[in-house]
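From first to last, the protein sequence lines stand for chains A and B. With the numbering used here as the guide, the letters of the first sequence map in order to residues 1 to 380. With the numbering used here as the guide, the letters of the second sequence map in order to residues 381 to 760.
2 protein chains.
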Amino acid sequence: MGCASLPSAPTGSGDLGVVVERAQGSLKVINTTNRQMLGSIDGLGDLSHASVVYGRDGATAYVFGRDGALSKVNLLTRQIDVRVQQSGNSIGGAISQDGSLVAAQNYQPGGIKVFDAKTLALVADIPAEYAPGKLSRVVGLADLPGRRFVYSLFDAGEIWIADLGSPGSPNIAKITKFKDVGRQPYDALLTPNGRHYIAGLFGEDGLAMIDLWAAEPKVARILGGYGRGQQPLPVFKMPHLRGWAVAGRHAYLPAIGRHEVLVGDTENWTEVGRIKVAGQPVFVIARPDGRQVWVNFAVPDYNRVQVIDTQSRQIVKTLEPGRAVLHMEFTPRGEAVWISSRDDHRVSVIATDSFETQAVLSVDAPSGIFFSSRANRMGF
Amino acid sequence: MGCASLPSAPTGSGDLGVVVERAQGSLKVINTTNRQMLGSIDGLGDLSHASVVYGRDGATAYVFGRDGALSKVNLLTRQIDVRVQQSGNSIGGAISQDGSLVAAQNYQPGGIKVFDAKTLALVADIPAEYAPGKLSRVVGLADLPGRRFVYSLFDAGEIWIADLGSPGSPNIAKITKFKDVGRQPYDALLTPNGRHYIAGLFGEDGLAMIDLWAAEPKVARILGGYGRGQQPLPVFKMPHLRGWAVAGRHAYLPAIGRHEVLVGDTENWTEVGRIKVAGQPVFVIARPDGRQVWVNFAVPDYNRVQVIDTQSRQIVKTLEPGRAVLHMEFTPRGEAVWISSRDDHRVSVIATDSFETQAVLSVDAPSGIFFSSRANRMGF
């Protein structure tokens, strides 16, 4: 990397981000202040369902490809620093609170692998072996304080916590296992404060929840009505749990198969309301201040985005930013949201107060959008 | 700025910060990943009671000096980009949600001045003229969504909101005034979600609060017992309101003059508890996840720091990191806290789980510590 390509006055990485071009195997690097594209990082393999986490400096990003590749990239040089083929089929990852470890959750072979965040050298290989010779697919991986990771075993109906110990200790993970959490946990989330880990169940209604701040954490079943219910509806796309919005004391959840967003009380985890929306919700995401919740939808309603005002619990706006809305990402202080429309090959930047479109960027089949401010958040 | 001083692989600004050296008129630039000092930014004038806000890129910082100077500095080049002498006596400032405007709150002449964040060109001069020819000192300035700023007029007993309009509009601020808010508001805070603006009153007990999300915001008086009370105690240092901790639905407030931290319920703003602490609290700050609240104290107890567990509301640790603890700043994900000890000329980095000291840095009479992650937060 030569000096010439650096700007004369170096600027920070706080307003940078990436947009996944799933068909190209590329990331577009963007700047949210100028609302411009800065360049591409290419050669990242199969980026369908790809996800990205950030190192503490905010310019280092880790890209988890569906093909099991893990790439460490630099948003400033737009280059791949290190790339390892770590499994045959992966579905995302997480970075430890101190930024020293990166973990990938794998379908094939089922388990997690933990890497040194600087070099991507393997630190720990933890197969999800729940019975002799039987490995489970792993989903819902999230970081916990103190170099720990929590995740769910789809095939086992278990939730595990791997503790990698202190930086100087031998890299032998201590595993805590929660068994019989419910059938087929398919995704999970950590609340923004890191207190509650909640797994969605594919095999039955309701959710499995662990209060990680309890003296002796254990699994509870919450929101028994959450799921497909007695008369299952066709589900065009399972909602993403990680998108769940916690706004004030309430959580906003995508109903499964129904055209509804559910409102739950995070103090007792009971349902307190339902809001009718334009389709089957996929992502339900709070603006950083929690005053609005934005929702996108599965086919055939995936050209729309709706905005819920959390004070009145009413839809205050319906937008049509383009065909096949796959993802939404708020700027750190919430003045704008970036929305990817895969089939119109564009990313729209929309002001969250006036709902005006501030910019439209041409991106090839954009899917996930990940801003560097994620470096500051836990459970991502 | 030559190329040679840049590292060969550029890194981001997400893990940078500054420590104010008040006697030197300098900032020390630090890195929270390596826990190292990177260099100095000198020539910043009188930095007693100085404060710092960050531009959206996280490498640009704005330094408000007590002498009325406003400096724009770059943490990567460690140089002053622009510096203006904007008033005779200033007490801090704020940056707009979109990062385009920087506002300074002034004692002399009383009012606020708003500057273009790139050039520091004056955009609006808004004297706090509350009666013909009478200017009030301004305190408690905070940014609100949409290029607005809220602040309190100490001499007038008023709270004003200045709306600078949209970026393209003429720079004529629209002012909304709240009168008779209480006697001598001396500092204020905005809750982390930007909903409640709360001003402390020097001239009477209780606090003035505005619910900014209300259809028609108005001033309410809350926590009538908050203040020096019927039998005023000697107050060695007025607590900083901006340090107030909101953890879950509860706010932790420094009592005035008493060796107590008050616990308030943010849903109805009533007092729900008091916690005995080692001295008169100055800063009461929540770890980012809200599970701990850290407290420092006025003389003669200012060699101590205490940690409150918010689940049990008990003191779980008392630390003595050095003489004259002036400030504490958490890393973005809360694994560590940086504490300045002015009279021992050091900054200590302490792990928030084990309470072990991870590093000690030599800094000349350190006071405020400001990390670049503040760029992502409102009300700072």
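For every residue, glycine included, the Cβ atom is placed at its ideal position computed from N, Cα and C.
Straight through space, the alpha carbons of A214 of chain A and K656 of chain B are spaced by roughly 24 Å.
Here P512 of chain B is exposed, its C-beta having fewer than 16 other C-beta atoms within 10 Å. Interface annotation, E216 of chain A: not in contact with chain B, CB-CB separation never under 8 Å. Taking a 10 Å sphere around the C-beta of L455 of chain B, we find 16 or more other C-beta atoms and assign the residue as buried. The beta-carbon of Q416 of chain B is placed no less than 8 Å from the nearest beta-carbon of chain A. The beta carbon of N573 of chain B falls within 8 Å of a beta carbon belonging to chain A, placing the residue at that interface. With a minimum length of 4 residues, there is no unbroken run of alpha helix (DSSP H) contained wholly in the stretch 67-142 of chain A. The C-alpha of I695 of chain B is placed about 14 Å away from the C-alpha of I665 of chain B.
Contact annotation: R527 of chain B and L544 of chain B have beta-carbon atoms nearer than 8 Å.
Nearest neighbour of R258 of chain A by Cα position, chosen from A:K237, A:P185, A:N193, A:G379, turns out to be A:K237. Along the stretch 329-348 of chain A, going in chain order, the ones with a CB nearer than 9 Å to a CB of chain B are T331, P332, R333, G334, E335, A336. The closest CA to that of Y682 of chain B, considering only B:E651, B:A542, B:S720, is found on B:S720. Non-local beta-carbon contacts of L135 of chain A in its own chain, meaning distances under 7 Å to residues more than five positions away in sequence, involve P109, G110, G111, P127, A128, E129 in chain order.
The C-beta distance from M378 of chain A to Q97 of chain A rounds to 6 Å, short enough to fall under 8 Å. Chain A places a beta carbon closer than 8 Å to that of M758 of chain B, counting this residue as a contact. At a cut-off of 8 Å between beta-carbon atoms, A439 of chain B makes contact with chain A. N74, L75, L76, T77, D81, Q97: these are the residues of the stretch 72-97 of chain A whose beta carbon lies less than 8 Å from some beta carbon of chain B, given in chain order. Under DSSP, Y434 of chain B shares a beta bridge with B:A441. Using a CB distance cut-off of 8 Å, G644 of chain B does not count as an interface residue toward chain A. With a threshold of 8 Å between beta carbons, W593 of chain B makes contact with chain A. Closest in alpha carbon position to G227 of chain A, among A:R56, A:S372, A:P185, A:F297, is A:P185.
With a cutoff of 8 Å on beta-carbon distance, A59 of chain A and P390 of chain B are scored as near each other. Looking at B:R722, B:I688, B:S692, B:T711, the one whose alpha-carbon comes closest to that of A704 of chain B is B:R722. Distances from the alpha-carbon of G702 of chain B to those of B:P680, B:D689, B:R726 put B:R726 closest.
Neighbours of P167 of chain A in chain B, taken as residues whose beta carbon is under 8 Å from its own, are absent, since the nearest beta carbon is some 10 Å off. C-alpha of D180 of chain A to C-alpha of Y151 of chain A: approximately 14 Å in a straight line. Looking only at A:V246, A:E267, A:R274, the smallest Cα-Cα distance to Q292 of chain A is reached by A:V246. The beta carbon of D744 of chain B sits closer than 7 Å to those of E401, A403, Q404, H725, all from its chain and outside the five residues before and after it, given in chain order. Within the stretch 598-674 of chain B, the complete beta strand (DSSP E) segments of 3 residues or longer fall at 599-602, 625-627, 630-634, 640-645, 650-656, 661-666, listed in chain order. With a cutoff of 8 Å on beta-carbon distance, L101 of chain A and V123 of chain A are scored as near each other.
Among the residues of chain A, those whose CB is under 7 Å from the CB of P525 of chain B are E335, D353, following chain order. Contact note: Q311 of chain A reaches chain B through W593, using a C-beta cutoff of 8 Å and chain order. About 12 Å separates the beta carbon of I539 of chain B from that of A600 of chain B, a gap too long to meet the 8 Å contact definition. When Cβ-Cβ separations below 8 Å define contact, A375 of chain A makes contact with chain B. Rounded to whole angstroms, D437 of chain B and A678 of chain B show a C-alpha spacing of 35 Å.
Counting only Cβ-Cβ distances below 7 Å, G99 of chain A has contacts in chain B at T413, in chain order.
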